[in-house]
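To start, the structure under review is shown below, and the notes come after it.
In this note's numbering, the protein residues as written are 7 to 242.
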């Protein structure tokens with residue numbers, strides 16, 4: 007198992023960055039004394055049947071990281087969908103030290119027809135840390151119904167849990183109250199700060215909020231503008 011690793015920390019001048027290529031390939035775009043901008047693309051064809059992708063991101067104390075997907079992700083169909091087998095797996099661990107900042111501008115993650123995927127995202131925030139994550143899940147490529155996804159998101163700070171979600175949806179066997187006729191679940195997840203919210207947003211018990219769009223097309227989501235607004239609030 008290879009793990010893609012991204013770490014930024016304070017140096018004597020510009021931030022020090024450690025970028026380790028696994029199944030994903032991080033690339034440094036820019037950096038200064040306080041902030042690094044890293045792009046991330048695939049290093050090989052993924053997610054294939056029973057693939058495992060592991061990503062670890064660490065943001066050092068007082069540092070800011072802007073992480074940007076370059077090209078979306080497709081979970082491809084299983085070779086023998088009629089036979090039982092392990093799902094493709096996508097594991098992300100985000101660790102923010104004291105007063106760290108993270109903005110992750112994710113691009114669509116597509117679950118192709120007959121794909122089976124387990125996604126797990128763990129976010130650990132130290133005191134004063136803030137994170138903003140854009141996550142866009144799409145069931146099916148053009149003309150497809152889409153496959154099965156289980157997506158688990160857990161965020162915590164020193165005081166305890168901030169967010170715990172466990173979403174499971176199979177576009178081939180839709181369940182009431184999950185997707186309906188929709189195929190796009192677009193989310194903005196703010197942790198450790200209080201962005202300006204709108205009706206329908208989920209306001210967390212501790213500083214943070216989740217904004218969502220559920221629809222048929224990614225371009226119909228209104229979260230692009232809110233990503234800019236919430237990013238400004240995070241960095242303020």
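Glycine included, every Cβ here is placed at the ideal spot set by N, Cα and C.
I'd like to check one pair, residue j with residue i: are the Cβ atoms closer than 7 Å?
| i | j | result |
| --- | --- | --- |
| residue 96 | residue 73 | no |
| residue 30 | residue 53 | no |
| residue 48 | residue 28 | no |
| residue 144 | residue 157 | no |
| residue 39 | residue 11 | no |
| residue 86 | residue 122 | no |
| residue 207 | residue 196 | no |
| residue 136 | residue 178 | no |
Determine which residues share a DSSP beta bridge with residue i and list them.
| i | result |
| --- | --- |
| residue 163 | 166 |
| residue 32 | 46 |
| residue 138 | 109, 196 |
| residue 174 | 156 |
| residue 145 | 117 |
| residue 26 | 11 |
| residue 37 | 42 |
| residue 220 | 191 |
Determine the burial state of residue i: buried for a count of at least 16 other Cβ atoms within 10 Å of its Cβ, exposed for fewer.
| i | result |
| --- | --- |
| residue 35 | exposed |
| residue 18 | exposed |
| residue 167 | exposed |
| residue 32 | buried |
| residue 79 | buried |
| residue 231 | exposed |
| residue 234 | exposed |
| residue 51 | exposed |
Check each candidate in the options and name the one with the smallest Cα separation from residue i.
| i | options | result |
| --- | --- | --- |
| residue 147 | 13, 189, 89 | 189 |
| residue 66 | 56, 13, 76 | 13 |
| residue 106 | 69, 226, 120, 124 | 69 |
Secondary structure, alpha helix (DSSP H): runs of 4+ residues fully inside the stretch 44-132: none
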